[in-house]
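Report on one structure; see the data block that follows.
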Amino acid sequence: MAGETTNNTQIVIPQLSRLWLSPVGTTAPADATATWPEGWFTVGLFTEDSLKFNTEPNFEQVRSAQSSYPTRTFQTTDAATVEVDLQQWSGRNFKAVYGGGSITAVTPSGGGKHYRFAPPRIGGRGEVAAGIEIIDGGKHYRYILPRTMQMEGVSKDLSKAKESVLPLRLAVQGGDDMDAWYLITDDPAFQPATPTITTVTPSNGPAAGGTTVTIAGTDLDSVTAVNFGNTAGTGLLVESSTKLTVISPVGTTGAKDIVLTSAGGNVTKTGGFTYA
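Note that the sequence shown covers residues 25 to 300 in the working numbering.
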(Lines of atoms letter the chains of each structure in order from A and count residues from 1; the text may use other names and numbers.)
(Lines give C-alpha, C1' and ligand atoms only; values in the text may rest on other atoms or scores of the structure.)
Protein backbone atom coordinates (compact mmCIF):
# COMPACT_ATOMS: atom_id res chain seq x y z
CA MET A 1 0.00 0.00 0.00
CA ALA A 2 1.37 3.40 -0.96
CA GLY A 3 2.67 5.36 1.99
CA GLU A 4 2.53 2.38 4.34
CA THR A 5 5.30 2.16 6.91
CA THR A 6 5.99 -1.13 8.67
CA ASN A 7 8.62 -1.68 11.34
CA ASN A 8 8.47 -4.76 13.55
CA THR A 9 11.01 -3.25 15.97
CA GLN A 10 8.22 -0.92 17.10
CA ILE A 11 6.16 -3.81 18.44
CA VAL A 12 6.38 -3.77 22.24
CA ILE A 13 6.28 -7.01 24.25
CA PRO A 14 6.50 -6.35 28.00
CA GLN A 15 9.16 -8.95 28.79
CA LEU A 16 9.64 -7.57 32.29
CA SER A 17 7.22 -5.40 34.26
CA ARG A 18 7.44 -3.74 37.66
CA LEU A 19 5.15 -1.52 39.67
CA TRP A 20 6.61 1.04 42.04
CA LEU A 21 4.85 3.07 44.75
CA SER A 22 5.94 5.98 46.93
CA PRO A 23 4.53 8.79 49.05
CA VAL A 24 3.14 11.65 46.96
CA GLY A 25 5.85 14.22 46.31
CA THR A 26 8.72 11.72 46.17
CA THR A 27 11.24 12.62 43.46
CA ALA A 28 10.56 10.61 40.31
CA PRO A 29 13.34 9.18 38.12
CA ALA A 30 14.53 11.71 35.56
CA ASP A 31 15.02 9.23 32.73
CA ALA A 32 14.08 5.73 31.59
CA THR A 33 17.00 3.80 33.12
CA ALA A 34 18.17 5.72 36.21
CA THR A 35 17.95 4.04 39.60
CA TRP A 36 14.64 4.76 41.27
CA PRO A 37 15.19 7.45 43.91
CA GLU A 38 14.92 6.80 47.62
CA GLY A 39 11.35 6.47 48.81
CA TRP A 40 10.09 4.22 46.00
CA PHE A 41 9.42 0.52 46.60
CA THR A 42 8.23 -2.27 44.32
CA VAL A 43 5.08 -4.23 45.03
CA GLY A 44 7.01 -7.34 43.99
CA LEU A 45 5.47 -10.24 42.12
CA PHE A 46 2.12 -9.93 40.38
CA THR A 47 0.24 -12.13 37.92
CA GLU A 48 1.63 -12.06 34.40
CA ASP A 49 -1.54 -10.90 32.64
CA SER A 50 -3.08 -8.48 35.14
CA LEU A 51 -1.15 -5.21 34.77
CA LYS A 52 -3.25 -2.65 32.89
CA PHE A 53 -3.11 1.13 32.48
CA ASN A 54 -6.36 2.61 31.19
CA THR A 55 -7.17 6.14 30.08
CA GLU A 56 -10.85 7.06 30.00
CA PRO A 57 -11.69 10.50 28.54
CA ASN A 58 -15.34 11.55 28.58
CA PHE A 59 -17.02 13.57 25.86
CA GLU A 60 -20.28 15.41 25.24
CA GLN A 61 -21.83 15.95 21.83
CA VAL A 62 -23.81 18.89 20.53
CA ARG A 63 -26.80 17.85 18.45
CA SER A 64 -28.46 20.19 15.96
CA ALA A 65 -31.66 19.93 14.00
CA GLN A 66 -29.83 20.50 10.72
CA SER A 67 -27.58 17.43 10.97
CA SER A 68 -27.93 13.71 11.61
CA TYR A 69 -24.41 13.78 13.08
CA PRO A 70 -23.03 15.69 16.06
CA THR A 71 -22.14 19.24 15.03
CA ARG A 72 -19.54 19.52 17.75
CA THR A 73 -17.87 17.21 20.24
CA PHE A 74 -16.01 18.43 23.30
CA GLN A 75 -14.17 16.72 26.15
CA THR A 76 -15.62 17.25 29.60
CA THR A 77 -13.40 15.19 31.91
CA ASP A 78 -10.44 12.85 31.85
CA ALA A 79 -9.60 9.79 33.91
CA ALA A 80 -7.00 7.03 34.11
CA THR A 81 -6.64 3.88 36.20
CA VAL A 82 -4.04 1.24 37.05
CA GLU A 83 -5.08 -2.37 37.62
CA VAL A 84 -2.86 -5.21 38.82
CA ASP A 85 -3.22 -8.35 40.94
CA LEU A 86 -0.42 -8.60 43.50
CA GLN A 87 0.87 -12.02 44.46
CA GLN A 88 2.99 -10.91 47.42
CA TRP A 89 1.27 -10.35 50.74
CA SER A 90 3.02 -7.70 52.83
CA GLY A 91 2.12 -4.82 55.07
CA ARG A 92 3.01 -2.29 52.39
CA ASN A 93 0.95 -4.08 49.76
CA PHE A 94 -2.06 -4.37 52.06
CA LYS A 95 -1.93 -0.62 52.71
CA ALA A 96 -1.71 0.05 48.98
CA VAL A 97 -4.62 -2.26 48.14
CA TYR A 98 -6.88 -0.89 50.87
CA GLY A 99 -5.89 2.76 50.44
CA GLY A 100 -4.06 3.08 53.72
CA GLY A 101 -4.70 1.68 57.18
CA SER A 102 -2.54 0.90 60.16
CA ILE A 103 -0.32 -1.99 61.25
CA THR A 104 0.40 -2.53 64.92
CA ALA A 105 2.40 -5.17 66.74
CA VAL A 106 0.59 -7.70 68.90
CA THR A 107 2.45 -9.75 71.51
CA PRO A 108 0.90 -13.23 71.66
CA SER A 109 0.62 -15.09 74.92
CA GLY A 110 2.90 -17.80 73.63
CA GLY A 111 5.71 -15.37 72.82
CA GLY A 112 7.01 -13.98 69.54
CA LYS A 113 5.27 -11.19 67.68
CA HIS A 114 2.10 -10.92 65.61
CA TYR A 115 0.73 -8.03 63.59
CA ARG A 116 -2.70 -6.44 63.30
CA PHE A 117 -3.78 -4.67 60.10
CA ALA A 118 -6.79 -2.36 60.21
CA PRO A 119 -8.09 -0.77 56.98
CA PRO A 120 -8.62 3.00 56.85
CA ARG A 121 -11.87 4.38 58.15
CA ILE A 122 -14.11 6.62 56.05
CA GLY A 123 -12.14 9.73 55.19
CA GLY A 124 -8.86 8.04 56.05
CA ARG A 125 -7.73 6.96 52.58
CA GLY A 126 -4.54 8.55 51.32
CA GLU A 127 -2.85 9.08 47.97
CA VAL A 128 0.30 7.43 46.63
CA ALA A 129 2.55 8.07 43.66
CA ALA A 130 2.94 5.18 41.21
CA GLY A 131 5.40 4.17 38.53
CA ILE A 132 4.91 1.45 35.93
CA GLU A 133 8.13 0.08 34.45
CA ILE A 134 8.16 -1.93 31.21
CA ILE A 135 11.31 -3.43 29.67
CA ASP A 136 11.42 -4.94 26.17
CA GLY A 137 14.98 -5.94 25.35
CA GLY A 138 16.99 -2.72 25.20
CA LYS A 139 13.92 -0.47 25.34
CA HIS A 140 12.62 0.94 28.60
CA TYR A 141 9.32 2.63 29.36
CA ARG A 142 8.27 4.29 32.60
CA TYR A 143 4.79 5.62 33.26
CA ILE A 144 4.98 8.13 36.10
CA LEU A 145 1.75 8.88 37.98
CA PRO A 146 2.43 11.60 40.58
CA ARG A 147 -0.89 11.13 42.44
CA THR A 148 -3.16 8.08 42.61
CA MET A 149 -5.79 6.86 45.04
CA GLN A 150 -7.38 3.48 45.72
CA MET A 151 -11.06 4.07 45.06
CA GLU A 152 -12.60 0.59 44.70
CA GLY A 153 -13.69 -2.21 46.96
CA VAL A 154 -11.39 -5.17 47.53
CA SER A 155 -12.48 -8.69 46.62
CA LYS A 156 -10.10 -11.57 47.35
CA ASP A 157 -10.46 -15.18 46.25
CA LEU A 158 -9.32 -17.36 49.14
CA SER A 159 -9.82 -20.70 47.40
CA LYS A 160 -7.32 -23.52 47.87
CA ALA A 161 -6.88 -24.12 44.13
CA LYS A 162 -4.66 -21.09 43.41
CA GLU A 163 -2.72 -18.30 45.03
CA SER A 164 -4.77 -15.53 46.62
CA VAL A 165 -3.96 -12.20 45.02
CA LEU A 166 -4.38 -8.64 46.25
CA PRO A 167 -6.33 -6.61 43.64
CA LEU A 168 -4.71 -3.19 43.45
CA ARG A 169 -6.90 -0.61 41.69
CA LEU A 170 -5.59 2.94 41.53
CA ALA A 171 -7.37 5.97 40.09
CA VAL A 172 -5.12 8.74 38.76
CA GLN A 173 -5.63 12.11 40.43
CA GLY A 174 -4.95 15.38 38.62
CA GLY A 175 -4.31 19.05 39.20
CA ASP A 176 -3.46 22.23 37.36
CA ASP A 177 0.10 22.27 38.73
CA MET A 178 1.33 18.97 37.25
CA ASP A 179 0.76 16.37 34.55
CA ALA A 180 -1.67 13.71 35.73
CA TRP A 181 0.69 11.14 34.18
CA TYR A 182 3.55 11.00 31.70
CA LEU A 183 5.78 8.47 29.95
CA ILE A 184 9.59 8.43 29.86
CA THR A 185 11.32 6.17 27.34
CA ASP A 186 14.61 5.62 25.54
CA ASP A 187 12.81 4.06 22.57
CA PRO A 188 14.22 5.78 19.43
CA ALA A 189 10.80 5.47 17.78
CA PHE A 190 9.67 8.36 20.00
CA GLN A 191 12.27 10.74 18.54
CA PRO A 192 10.30 13.72 17.15
CA ALA A 193 10.75 14.50 13.47
CA THR A 194 13.22 17.22 12.54
CA PRO A 195 11.30 20.37 11.55
CA THR A 196 11.60 22.03 8.15
CA ILE A 197 11.29 25.69 7.14
CA THR A 198 9.29 26.50 4.02
CA THR A 199 8.84 30.26 4.26
CA VAL A 200 9.77 33.16 6.54
CA THR A 201 7.33 36.09 6.36
CA PRO A 202 8.36 38.86 6.35
CA SER A 203 11.93 37.99 5.52
CA ASN A 204 13.30 41.39 6.54
CA GLY A 205 12.86 44.04 9.21
CA PRO A 206 14.53 46.88 11.07
CA ALA A 207 17.69 46.35 13.10
CA ALA A 208 15.78 47.64 16.12
CA GLY A 209 13.89 44.33 16.16
CA GLY A 210 10.24 43.97 17.08
CA THR A 211 9.06 42.43 13.79
CA THR A 212 6.49 39.66 14.14
CA VAL A 213 7.81 36.90 11.88
CA THR A 214 5.71 33.95 10.71
CA ILE A 215 7.54 30.73 9.90
CA ALA A 216 5.79 28.03 7.88
CA GLY A 217 7.09 24.50 7.53
CA THR A 218 6.57 21.01 8.91
CA ASP A 219 6.87 19.41 12.36
CA LEU A 220 7.15 22.82 14.01
CA ASP A 221 5.19 21.75 17.10
CA SER A 222 8.37 20.60 18.87
CA VAL A 223 10.23 23.90 18.35
CA THR A 224 11.37 25.47 21.62
CA ALA A 225 13.47 28.40 20.37
CA VAL A 226 14.11 30.49 17.26
CA ASN A 227 17.43 32.28 16.78
CA PHE A 228 18.16 35.14 14.41
CA GLY A 229 21.86 34.55 13.91
CA ASN A 230 23.17 34.13 17.45
CA THR A 231 20.34 36.03 19.13
CA ALA A 232 17.14 34.41 20.36
CA GLY A 233 13.80 35.72 19.20
CA THR A 234 11.09 36.45 21.75
CA GLY A 235 7.38 35.78 22.09
CA LEU A 236 7.56 32.36 20.43
CA LEU A 237 4.07 31.07 19.67
CA VAL A 238 3.73 27.64 18.09
CA GLU A 239 0.29 27.71 16.47
CA SER A 240 0.42 24.27 14.84
CA SER A 241 2.81 21.74 13.37
CA THR A 242 3.02 23.90 10.23
CA LYS A 243 3.09 27.46 11.62
CA LEU A 244 4.75 29.49 14.35
CA THR A 245 5.33 33.17 15.05
CA VAL A 246 8.25 34.87 16.77
CA ILE A 247 9.39 38.46 17.35
CA SER A 248 12.75 39.40 15.90
CA PRO A 249 15.36 40.60 18.42
CA VAL A 250 17.67 43.59 18.03
CA GLY A 251 20.23 42.84 15.32
CA THR A 252 22.81 44.31 13.01
CA THR A 253 22.43 45.15 9.34
CA GLY A 254 22.64 42.18 6.99
CA ALA A 255 21.27 38.69 6.42
CA LYS A 256 21.02 36.35 9.42
CA ASP A 257 20.40 32.64 9.59
CA ILE A 258 17.12 31.49 11.09
CA VAL A 259 17.81 28.54 13.43
CA LEU A 260 15.02 26.45 14.96
CA THR A 261 15.76 24.43 18.09
CA SER A 262 13.58 21.39 18.70
CA ALA A 263 13.54 17.98 20.34
CA GLY A 264 13.89 16.46 16.88
CA GLY A 265 17.06 18.42 16.08
CA ASN A 266 17.97 21.87 14.84
CA VAL A 267 17.29 23.23 11.37
CA THR A 268 18.76 26.32 9.71
CA LYS A 269 17.50 28.53 6.92
CA THR A 270 20.62 30.29 5.71
CA GLY A 271 20.11 34.04 5.39
CA GLY A 272 16.46 33.60 6.28
CA PHE A 273 16.01 37.11 7.71
CA THR A 274 17.65 40.37 6.70
CA TYR A 275 18.04 43.38 8.97
CA ALA A 276 17.78 46.70 7.12
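Idealized CB from N, CA, C, for every residue including glycine.
Legend entry - Segment limits, alpha helix (DSSP H) that includes residue 275: Looking at the DSSP string, residue 275 is not in any alpha helix (DSSP H), and its letter there is neither H nor E.
Legend entry - Cβ shell of residue 137 (< 8 angstroms), same chain only, five flanking positions each side left out: 129, 130 and 131
Legend entry - For residue 77 and residue 127, believed in contact at Cβ under 8 angstroms, the rounded distance: 28 angstroms between Cβ atoms; not a contact.
Inset, instruction - Please go through the same chain and pick out, in chain order, the residues whose beta-carbon is closer than 8 angstroms to the beta-carbon of residue 104, but skip the five residues on each side of it. - result: 77, 78, 79, 80, 169, 195, 196, 204 and 205
Inset, instruction - Could you check the C-alpha separation between residue 268 and residue 244 for me, to the nearest Å? - result: 7 angstroms
Legend entry - Contacting residues, own chain, Cβ-Cβ under 8 angstroms from residue 247 (five flanking each side not counted): 219, 260, 262, 268, 284, 285 and 286
Legend entry - Burial state of residue 67 (16 or more Cβ within 10 Å): Buried, by the Cβ-count rule.
Inset, instruction - Keeping to the same chain, check which residues put their C-beta closer than 7 angstroms to that of residue 71; ignore five residues upstream and five downstream. - result: 109, 111 and 189
Legend entry - Any 3 or more C-beta pairs closer than 8 angstroms across the region 79 to 98 and the region 35 to 43: Contact annotation: the region 79 to 98 does not touch the region 35 to 43, with fewer than three C-beta pairs closer than 8 angstroms.
Legend entry - Start and end residues, alpha helix (DSSP H) containing residue 115: For residue 115, the enclosing alpha helix (DSSP H) covers residues 115 to 122.
Legend entry - Residues near residue 96 by beta carbon distance below 7 angstroms, same chain, minus five either side: Correct list, in chain order: 86.
Inset, instruction - Give the DSSP bridge partners of residue 154, in chain order. - result: Partner(s): 45 and 169.
Legend entry - Residue range of the beta strand (DSSP E) that includes residue 84: From DSSP, the beta strand (DSSP E) with residue 84 extends over 82 to 86.
Inset, instruction - Indicate whether the contact test is met: 3 or more Cβ pairs, each with one atom in the region 118 to 126 and one in the region 172 to 187, closer than 8 angstroms. - result: yes
Inset, instruction - Buried or exposed for residue 180, please, with buried defined as at least 16 other CB atoms from any protein chain shown within 10 angstroms of its CB. - result: So residue 180 ends up on the exposed side.
Legend entry - Residue range of the unbroken beta strand (DSSP E) whose run includes residue 259: 258 to 264
Inset, instruction - State buried or exposed for residue 166, treating a residue as buried only when at least 16 other CB atoms are found within 10 Å of its CB. - result: Under a 10 Å Cβ-count criterion, residue 166 is classified as buried, with 16 or more other Cβ atoms of the shown protein chains found around its own Cβ.
Inset, instruction - Would you mind stating whether residue 231 and residue 276 have Cβ atoms separated by less than 9 angstroms? - result: yes
Inset, instruction - Please name the residue, chosen from 134, 296, 52 and 224, that lies closest to residue 17 on a Cα-to-Cα basis. - result: No answer is possible for residue 17: it lies beyond the span of the chain, which begins at 25 and ends at 300.
Legend entry - Sheet register partners of residue 96 (DSSP bridge): 86
Inset, instruction - Find the nearest neighbour of residue 292 within the set 134, 249 and 56, judged by alpha-carbon distance. - result: Closest option to residue 292, judged by alpha-carbon separation, among 134, 249 and 56: 249.
Legend entry - DSSP state of residue 131 mapped onto helix, strand, coil: Note: residue 131 maps to coil in three-state DSSP.
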